[in-house]
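Visitor:
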Amino acid sequence: MIRDITIGQYYQTKSVIHRLDPRVKLLGTLLFIIALFSYKNPLGYALGIAFMCMVIKLSHVPVKFITKGLKGIMMIMCITVVINLFLTAGTPLISFWKITITYEGLAMAVTMIIRLILLIMGSSIVTLTTTPNNLTDGLEKGLGFMKVFHVPVGDVAMMMSIALRFIPILLEETDRIMKAQLARGADFENGNLVKRAKALVPVLVPLFVSAFRRAGDLAMAMEARCYRGGDGRTKMKPLVYKKRDAVAYIILFAFMVLSIFLGRWSVITGFFNNIYLNILK
Amino acid sequence: MDIVKADNLVFEYIRRDDEGNPVDVTTALDHVNIDVKQGEFVGILGHNGSGKSTFAKHLNAILYPTEGTVIVDGMNTTDESRVWDVRSTAGMVFQNPDNQIIGQVVEEDVGFGPENLGVPTAEIWSRVEESLRAVGMLEFRYKSPGKLSGGQKQRVSIAGVLAMHPKCIILDEPTAMLDPSGRKEVVRAIRGLNDVEKMTVILITHYMDEVVHADRIFVMDKGRVVMHGTPREIFSQVEQLESLRLDVPGPTRIAWELKKKGIPLPDGILTCEELVKEIQKCR
Amino acid sequence: MPLILDHVCQVYNADTEMSVRALDDVSLIIPEGQFIGVIGHTGSGKSTLIQHLNGLILPTSGSVYYNGQDITDKDFDRKELRKHVGLVFQYPEHQLFETDVFTDVCFGPKNIGMSKKEAELAAFDALRKVGFPDDLYYASVFELSGGQKRRAAVAGVLAMKPDFLILDEPTAGLDPVGRYEILDMVSELHRTAGITIILVSHSMEDVAMYVERVIVMDKGRVAYDDVPREVFSHSEELEKMGLSIPEPSKIARQLIKAGLNVDPGVLTSGEAADSIYKALMYR
């Protein structure tokens, strides 16, 4: 299950999307999500899907890899569909036993599914095409203005990148400790929930102890290498906007204008509402 | 000129109970006098808990003396305004390779120190390159540290310190967690630094064979310097080393056992080659 | 009952580009009562090998038999197997989790169904056998020295009263005296308690001095399986595998080349000194 979630994984290949400045990608995702939730008619969603397809095509990431990420949220999608389908009031479409499915419910369920899928695909594509380090750099630089409000952006970014670096090490350590306790006769598979939770104590305690020891060691090593917070640091790989980033910003801008025009313009929305009302009759 | 000078250095750990009252005091360093000259290779030996790591942490202003002084390149380590100068002058490599690599790519990790010092971007790149070359890790620059062997990780850590352009590099048991081939490659890299780059090296270890080529050796026990001299002088005193829970290099031990049996061998044989040569003389 | 590995293969990440053959057609018989050393450099498959012996890893192909039963069978009780085959991992002190040493040592025995009383007796017995200091039975794990922690961790497995005890690099990170103390303790367990010991190490010296049979792993295969003298006579091949022969053997070999009549099979410095002495005296 955890393996299916593609958010946070990096897919190594060469593409324009990979080379884009992380700030472009982060802002792009944000705008895309805003656009997604502002559409009022099917044409808007069509535009969103088209944009998504274009980005995926450009990214050279196999579609299979991106859709794999959707498996992880299957459960959430199902719940969303059920709730919307059965609990939305309106004109009945089918009704059996005590359950009624309405036209409004159906429309709502379809909308929510499209939104969710696009949302997940949109954020997956960022992490799939950006190394964690690059992403952190992008956040640090992109949120740089927050320093005015005394938010230690640099330190937070450093914390993120260290956390990312230590995840594989701690996973490996968990595996090792679990095996060591298995060798001492521990049992993680049988018994009820309480028993299984209890069985994890011999794993979690050493894991925490080790994590703290590592944190202490690392802090000392960082101090020894003169780390003293975000200010006054220079960058080995500073983020510099290139021409392609400018182009990307223009495309994003065009996408947003189109989104507002097509997805929210009253004439188009009214047109679709009319069709909808005709179906209802 | 002395690059590092510890003068009557005393360090006490004070253990406190829950209310903050001192319970007991452990003297980790007891009037330690150690001096290291520019360009020297100095070995500090001692069993676990002899105070050698505590001493190392004083050179890097991670710990401060309870009594006495530590001078690094003319700077007193207790001078708070010079802390970062002390740390960039006396670079430090620690025991566990996994807990000191910060970057997710080898070259980015090596660049971490210079970044912190505010070195301009173009110079960071040249420093990273020369440092990785000095430890023979240039071809691994784009790799993820997780994919490297223990010995390679330690060499990256050494490069990370070199990139800060220190005058002296302190290695606190850098090989304790490595396998024999990893140990060999790290020791070779360290010797290269001293021979080729003329870097001052302070190597803290409990493996005797790693310091046979050192200029001078200090042996620590219970927070004190108990022996001090050239490797030859130190390793000729097999019995005393044993009483300090230390070993001697293999060839030295064989020579010592032969001497006990009455074979006239000179004192302080350190390497296989020397031993073979001397034994042939006895025929 | 012997442990038998029959054509065991272990492939990690099969069918992908990163496919690794960790074990390649390994067949071994481990009878009760032996003291075996397993050596090989990092990545030679020795850690994978020992995890097959108590069913923590199941072979990709081939079988492991214990007590006449195939441990890969679905209905085989692997928890029962782990009672008989104890495995102490590298840096075992990292698995300690209880508030005090004694409770921690009781963890294993309780897991395999001993009553509280039985578990406590087993824990006392195990702590005594590993030479753990009496006054520290109820000390917190954090108050112990490195060597003491390791003893406590070994006791944690020993208290389950296994017939086989596998130790993965039990001396890693310890100073010379700490190393000998742990190895002496293990050797004592073999001699007095009659436990079959499998000692995994990359230190040739350790293996040479203690074991009666050496298994050398290289690239997932068993390269040698013989008595130490025989195995170490293949010095050139061993060095190609990234392993080095014990220093005394190396010196003996060089002396033989120089024309001295020294026994090529010496393993310890004592033996080497004796043999060289004889060669010099009775020519």
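Here the protein sequences line up with chains A, B and C, keeping their order. Under the numbering used here, the first residue of the first sequence is numbered 1, with each subsequent residue one higher. Under the numbering used here, the first residue of the second sequence is numbered 1, with each subsequent residue one higher. Under the numbering used here, the first residue of the third sequence is numbered 1, with each subsequent residue one higher. Heads up, the beta-carbon is just placed ideally off N, CA and C, and yes, glycines get one too.
Using a C-beta to C-beta distance shorter than 7 angstroms, which residues of chain A count as neighbours of N99 (chain B)?
Guide: Position 99 of the second sequence holds residue 99 (chain B). Ordered by position in chain A, the residues that pass the 7 angstroms Cβ test against N99 (chain B) are R214, D217, L218 and A221.
Visitor: Starting from H41 (chain C), find everything on chain B with Cβ-Cβ shorter than 8 angstroms and list it in chain order.
Guide: Taking the first residue of the third sequence as position 1, residue 41 (chain C) is located at position 41. Within chain B, the residues near H41 (chain C) are D179, P180 and S181.
Visitor: Is the CB of I169 (chain A) under 8 angstroms away from at least one CB in chain B?
Guide: Stepping through the first sequence from its first residue, residue 169 (chain A) is reached at position 169. Yes, its Cβ sits closer than 8 angstroms to a Cβ of chain B.
Visitor: Check whether the segment 245 to 253 of chain C and the segment 245 to 258 of chain B are in contact - that is, three or more C-beta pairs closer than 8 angstroms.
Guide: yes
Visitor: Identify the contact partners of P248 (chain C) in chain B, using a Cβ-Cβ distance below 8 angstroms as the criterion.
Guide: By 1-based counting over the third sequence, the position of residue 248 (chain C) is 248. G250 and I254, listed in chain order.
Visitor: Decide if R151 (chain C) is buried, meaning its Cβ has at least 16 other Cβ atoms within 10 Å, or exposed.
Guide: As a first step, residue 151 (chain C) must be located in the third sequence, where it is residue number 151. Buried is the call here.
Visitor: Exposed or buried, which one is D187 (chain A) when buried takes at least 16 other CB atoms within 10 Å?
Guide: The residue you call residue 187 (chain A) lines up with position 187 of the first sequence. That one is exposed.
Visitor: Starting from the C-beta of V345 (chain C), find all residues in its chain whose C-beta is less than 7 angstroms away, skip the five residues before and the five after it, and write them out in chain order.
Guide: Outside the shown range of chain C, which is 1 to 283, sits residue 345 (chain C), and nothing can be said about it.
Visitor: Please confirm if I62 (chain B) has its CB atom under 8 angstroms from at least one CB of chain A.
Guide: The sequence position of residue 62 (chain B) within the second sequence is 62, counting from 1. Yes, contact with chain A.
Visitor: Answer yes or no: do S123 (chain A) and I66 (chain A) have a C-beta to C-beta separation smaller than 8 angstroms?
Guide: Here residue 123 (chain A) refers to the residue found at position 123 of the first sequence. Here residue 66 (chain A) refers to the residue found at position 66 of the first sequence. No, the Cβ-Cβ distance between S123 (chain A) and I66 (chain A) is not below 8 angstroms.
Visitor: Using a 10 Å radius around the Cβ and a threshold of 16 neighbouring Cβ atoms, would you call P176 (chain C) buried or exposed?
Guide: The residue given as residue 176 (chain C) occupies position 176 in the third sequence. By the neighbour-count rule (16 or more Cβ atoms within 10 Å), P176 (chain C) is buried.
Visitor: Mind checking whether P109 (chain C) and E98 (chain C) have CB atoms under 8 angstroms apart?
Guide: Here residue 109 (chain C) corresponds to residue number 109 of the third sequence, with the count starting at 1. Here residue 98 (chain C) corresponds to residue number 98 of the third sequence, with the count starting at 1. Going by C-beta atoms, P109 (chain C) is not nearer than 8 angstroms to E98 (chain C).
Visitor: Apply the 10 Å Cβ neighbour rule to V151 (chain A) and answer buried if 16 or more other Cβ atoms are within range, or exposed otherwise.
Guide: Numbered from its first residue, the first sequence carries residue 151 (chain A) at position 151. By the beta-carbon neighbour count (other beta carbons within 10 angstroms, threshold 16), V151 (chain A) is exposed.
Visitor: Round the Cβ separation of D137 (chain A) and L239 (chain A) to the nearest angstrom and send it over; I've been treating them as touching at under 8 angstroms.
Guide: What you label residue 137 (chain A) is simply residue 137 of the first sequence in a count that begins at 1. What you label residue 239 (chain A) is simply residue 239 of the first sequence in a count that begins at 1. With a Cβ gap of about 6 angstroms, D137 (chain A) and L239 (chain A) count as contacting.
Visitor: Taking CB distances under 8 angstroms as the criterion, tell me whether G270 (chain C) reaches chain B.
Guide: The residue labelled residue 270 (chain C) in the question sits at position 270 within the third sequence. So yes, G270 (chain C) belongs to the interface.
Visitor: Of all the options C:D134, C:T72 and C:G40, which has the alpha carbon lying nearest to the alpha carbon of K240 (chain C)?
Guide: For this step, residue 240 (chain C) is matched to residue 240 along the third sequence. Here the closest residue by C-alpha is C:G40.
Visitor: Taking only the alpha-carbon atoms, compute the straight-line gap between S203 (chain C) and E212 (chain C) and give it to the nearest angstrom.
Guide: Residue numbering aside, residue 203 (chain C) sits at position 203 when the third sequence is read from its first letter. Residue numbering aside, residue 212 (chain C) sits at position 212 when the third sequence is read from its first letter. C-alpha separation (whole angstroms): 15 angstroms.
Visitor: Where does E273 (chain B) land, buried or exposed, given buried means 16+ other C-beta within 10 angstroms?
Guide: Here residue 273 (chain B) refers to the residue found at position 273 of the second sequence. Exposed, because fewer than 16 other Cβ atoms sit within 10 Å of the Cβ of E273 (chain B).
Visitor: Alpha carbon to alpha carbon, what distance is there between G90 (chain A) and S259 (chain A)?
Guide: For this step, residue 259 (chain A) is matched to residue 259 along the first sequence. For this step, residue 90 (chain A) is matched to residue 90 along the first sequence. C-alpha separation (whole angstroms): 28 angstroms.
Visitor: Thinking just about the alpha-carbon of each residue, which of C:D134, C:G68, C:Q254 and C:T48 is nearest to the one in R221 (chain C)?
Guide: The residue you call residue 221 (chain C) lines up with position 221 of the third sequence. If we check each option's Cα against that of R221 (chain C), C:T48 comes out closest.
Visitor: Ignore the nearest five residues each way along the sequence and tell me which others in T6 (chain A)'s own chain have a CB closer than 7 angstroms to its CB.
Guide: In the first sequence, counting from the first residue as 1, residue 6 (chain A) sits at position 6. Any reading at T6 (chain A) needs caution, since the residue's pLDDT is 49, under 50, leaving its predicted position unreliable; the model's value is listed next. Correct list, in chain order: F65, I66, K68, G69, S124 and L128.
Visitor: So P166 (chain B) and T234 (chain A) are in contact, right, with Cβ under 8 angstroms, and what is the actual spacing, rounded?
Guide: On the second sequence, residue 166 (chain B) is found 166 positions in, with the first residue counted as 1. On the first sequence, residue 234 (chain A) is found 234 positions in, with the first residue counted as 1. With 8 angstroms as the limit, P166 (chain B) and T234 (chain A) do not qualify as a contact, their Cβ atoms being about 18 angstroms apart.
Visitor: Just how far apart, CA to CA, sit V161 (chain B) and Q154 (chain B)?
Guide: Reading the second sequence from its first residue, position 161 is the one you call residue 161 (chain B). Reading the second sequence from its first residue, position 154 is the one you call residue 154 (chain B). Approximately 11 angstroms, taken between the alpha carbons.
Visitor: Going by C-alpha distance, which of C:I36, C:R21 and C:E169 is nearest L3 (chain C)?
Guide: Translated into the one-based positions of the third sequence, residue 3 (chain C) becomes position 3. Per the Cα distances, C:I36.
Visitor: Can you tell which of A:L43, A:K141, A:L170 and A:V61 has the C-alpha that lies nearest to the C-alpha of D206 (chain A)?
Guide: As a first step, residue 206 (chain A) must be located in the first sequence, where it is residue number 206. This sequence places Pro at residue 206 (chain A); Asp is not what is there. Comparing Cα-Cα distances from P206 (chain A) to each of A:L43, A:K141, A:L170 and A:V61, the minimum goes to A:L170.
Visitor: Of all the options C:L23, C:V141, C:H7 and C:D6, which has the alpha carbon lying nearest to the alpha carbon of N284 (chain C)?
Guide: No information on residue 284 (chain C) is available, as it lies outside the stretch 1 to 283 that chain C covers here.
Visitor: At the level of alpha carbons, what is the spacing between A107 (chain A) and L218 (chain A)?
Guide: Taking the first sequence and counting its residues from 1, the one referred to as residue 107 (chain A) is at position 107. Taking the first sequence and counting its residues from 1, the one referred to as residue 218 (chain A) is at position 218. About 53 angstroms.
Visitor: Just checking my contact of V86 (chain B) with A6 (chain B) at CB under 8 angstroms: how many whole Å lie between their CB atoms?
Guide: In the second sequence, counting from the first residue as 1, residue 86 (chain B) sits at position 86. In the second sequence, counting from the first residue as 1, residue 6 (chain B) sits at position 6. Wrong, their Cβ atoms sit about 13 angstroms apart, outside the cutoff.
Visitor: Taking a cut of 9 angstroms between CB atoms, which residues from the segment 222 to 245 of chain A lie near chain B?
Guide: M222, E223, A224, R225, C226, Y227, R228, G232, R233, T234, K235, M236, K237 and P238
Visitor: For the segment 168 to 202 of chain A, which residues have a CB atom closer than 9 angstroms to at least one CB atom of chain C, in sequence order?
Guide: Answer in chain order: E173, R176, I177, K179, A180, Q181, L182, A183, R184, G185, A186, D187, V201 and P202.
Visitor: Between V205 (chain A) and chain C, is any beta-carbon pair separated by less than 8 angstroms?
Guide: Residue mapping note: residue 205 (chain A) aligns to position 205 of the first sequence, counting from 1. It does: the Cβ of V205 (chain A) has a partner Cβ on chain C nearer than 8 angstroms.
Visitor: Quick check on T49 (chain B) - is its C-beta less than 8 angstroms from some C-beta in chain C?
Guide: Position 49 of the second sequence, counted from the start, is the residue given in the question as residue 49 (chain B). Looking at the sequence provided, one finds Gly at residue 49 (chain B) rather than Thr. Closer than 8 angstroms to the CB of G49 (chain B) there is at least one CB belonging to chain C.
Visitor: Between the C-alpha atoms of D225 (chain C) and Y207 (chain B), what's the straight-line distance to the nearest angstrom?
Guide: Within the third sequence, the letter at position 225 stands for residue 225 (chain C). Within the second sequence, the letter at position 207 stands for residue 207 (chain B). Approximately 29 angstroms between the Cα atoms of the pair.
Visitor: Expressed to the nearest angstrom, what Euclidean distance is found between the alpha-carbon atoms of I198 (chain C) and S149 (chain B)?
Guide: Here residue 198 (chain C) refers to the residue found at position 198 of the third sequence. Here residue 149 (chain B) refers to the residue found at position 149 of the second sequence. Rounded to whole angstroms, I198 (chain C) to S149 (chain B) spans 25 angstroms at the Cα level.
Visitor: Can you check the segment 114 to 197 of chain B for any beta strand (DSSP E) of at least 3 residues that lies completely inside it and give the ranges in chain order?
Guide: Runs found: 168 to 172.
Visitor: Are there three or more Cβ pairs, one per stretch, closer than 8 angstroms when the segment 185 to 200 of chain C is compared with the segment 135 to 143 of chain C?
Guide: No, the segment 185 to 200 of chain C is not in contact with the segment 135 to 143 of chain C.
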